[in-house]
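Asks: My questions will all concern the structure given below.
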Amino acid sequence: MLPDRDMLSDLSTHLDLDRFTLRNPTRRREVTLSSLRGYFSAPAALEKAISDTGDAVVYEVEVVEPKEQAPNILAYGVTRVFPGRVGNECYMTKGHFHADPTCTEIYLALAGRGGLLQMTRDGRSFFQEMRAGDAVYVRGDMAHRLVNTGDDAFVTWAVYPVGAGHDYSTIAERGFSSLVVGDESGAHLAPNPRWA
Ligand code: M6P
Ligand code: ZN
């Protein structure tokens with residue numbers, strides 16, 4: 285017997301490939317500069333950016349998450365990180381560890397330039413550049429953060445178990461051990477003094 289169509293259709297979607305929006309997200313989130321206090325490394329530069337931009341949106345997320353929270357149920361979503369910098373640190377997501385380290389995640393880049401910064405619990409980090417078409421596989425025990433290193437929105441599609449959970453505490457306290465900073469020559473990694 286076929287499953288009830290309604291059961292499936294509300295978790296299916298259409299991704300607009302010009303605007304990179306989802307037709308029917310179950311949740312939508314806009315993250316502004318002021319809600320990233322503690323995440324960017326230079327507090328004074330952040331306060332200046334908040335007042336200069338009228339508290340710009342740094343990234344927005346649209347996800348389709350089933351109500352069922354079991355670890356083996358998949359969810360997916362689109363994240364759009366806008367271009368910009370706080371001081372010389374590139375616009376980025378908060379980043380998180382999964383509360384359940386058995387839950388992996390896959391990111392596919394759809395547009396723009398950027399990458400995924402990953403870090404182990406003991407502070408070893410690395411950055412993988414991504415352009416449209418590149419996919420990155422994230423182990424369940426690695427913190428991960430999207431970073432926009434370009435001049436346009438950096439857009440990715442992510443798939444993860446809905447039970448993965450977001451553990452922001454370590455990142456909120458100390459950030460990642462590396463910062464992704466930009467200058468005339470492009471983007472590069474710099475050590476984060478909070479990990480010294
Ligand atoms: C991706 C997924 C989401 C995550 C979002 C933004 O879409 O990993 O689970 O919420 O990016 O990242 P963060 O939660 O770190 O702000
Ligand atoms: Zn994740």
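In the numbering used here, the protein residues as written are 285 to 480.
Beta carbons: idealized from backbone N, C-alpha and C, even for Gly.
1) Using alpha carbons as the reference points, say which of 437, 431 and 351 lies closest to residue 473.
2) How close, in whole Å, do the beta carbons of residue 312 and residue 346 come, if the pair is a contact with beta carbons under 8 Å?
3) Could you check whether the stretch 389-403 touches the stretch 416-426, counting it as contact only if at least three pairs of C-beta atoms, one from each stretch, sit closer than 8 Å?
4) Can you give the Cα-Cα distance for residue 371 and residue 332, rounded to whole angstroms?
5) Say yes only if the C-beta of residue 389 is nearer than 6 Å to one or more non-hydrogen atoms of the ligand GTP, and no if none qualify.
6) Determine the DSSP secondary structure at residue 427, reduced to helix, strand or coil.
7) Suppose only complete runs of 3+ residues qualify. What are the beta strand (DSSP E) ranges in the stretch 345-425, listed by chain order?
8) Assess contact between the stretch 407-423 and the stretch 328-343, defined as three or more Cβ pairs (one per stretch) separated by less than 8 Å. Is contact present?
9) Would the beta-carbon of residue 344 fall within 7 Å of that of residue 369?
10) For residue 441, which residues does DSSP report across the bridge?
11) Measuring alpha carbon to alpha carbon, tell me which of 445, 412, 379 and 357 ends up nearest residue 453.
12) Taking DSSP as the reference, what is the three-state secondary structure of residue 318?
13) Buried or exposed: residue 359, going by 16 or more other Cβ atoms within 10 Å of its Cβ?
14) Quick one: Cα of residue 294 to Cα of residue 319, how far?
15) Return the bridge partner residues of residue 471 from the DSSP annotation.
16) Taking a contact to mean a Cβ-Cβ separation below 7 Å, would you say residue 316 touches residue 374 in this structure?
Replies: This is what the structure gives:
1) In the sequence shown, the residue the question calls residue 473 occupies position 189. Checking every option, the nearest Cα to that of residue 473 belongs to 431.
2) What you label residue 312 is simply residue 28 of the sequence shown in a count that begins at 1. What you label residue 346 is simply residue 62 of the sequence shown in a count that begins at 1. Taking a contact as a CB-CB distance under 8 Å, the pair residue 312 and residue 346 counts as one, their CB atoms being some 5 Å apart.
3) Contact between the stretch 389-403 and the stretch 416-426 is present, because at least three Cβ pairs lie under 8 Å.
4) The residue you call residue 371 lines up with position 87 of the sequence shown. The residue you call residue 332 lines up with position 48 of the sequence shown. Cα to Cα, the separation comes out at about 9 Å.
5) This structure simply doesn't include the ligand GTP; it includes the ligand M6P and the ligand ZN instead.
6) Within the sequence shown, residue 427 is the residue found at index 143, counting from 1. Here residue 427 carries a strand assignment [DSSP, helix/strand/coil].
7) You should have 358-365, 389-395, 397-403, 409-415 and 419-422.
8) Taking 8 Å as the limit for Cβ pairs, the verdict is that the stretch 328-343 does not touch the stretch 407-423.
9) On the sequence shown, residue 344 is found 60 positions in, with the first residue counted as 1. On the sequence shown, residue 369 is found 85 positions in, with the first residue counted as 1. It is not a contact, given that the beta carbons lie outside the stated cut-off.
10) In the sequence shown, counting from the first residue as 1, residue 441 sits at position 157. Beta bridge pairing from DSSP links residue 441 with 362 and 392.
11) To locate residue 453, count along the sequence shown from 1; it is residue 169. Of the listed residues, the one whose Cα sits closest to residue 453 is 379.
12) Translated into positions along the sequence shown, residue 318 becomes position 34. DSSP places residue 318 in helix when its eight states are reduced to three.
13) As a working note, residue 359 is residue 75 in the sequence shown. Result: buried.
14) Taking the sequence shown and counting its residues from 1, the one referred to as residue 294 is at position 10. Taking the sequence shown and counting its residues from 1, the one referred to as residue 319 is at position 35. Their Cα atoms are separated by approximately 30 Å.
15) Locating residue 471 in the sequence shown gives position 187, where the first residue counts as 1. By DSSP's assignment, residue 471 forms a beta bridge with 466.
16) Within the sequence shown, numbered from 1, the residue matching residue 316 stands at position 32. Within the sequence shown, numbered from 1, the residue matching residue 374 stands at position 90. Residue 374 is positioned such that its CB atom lies no closer than 7 Å to that of residue 316.
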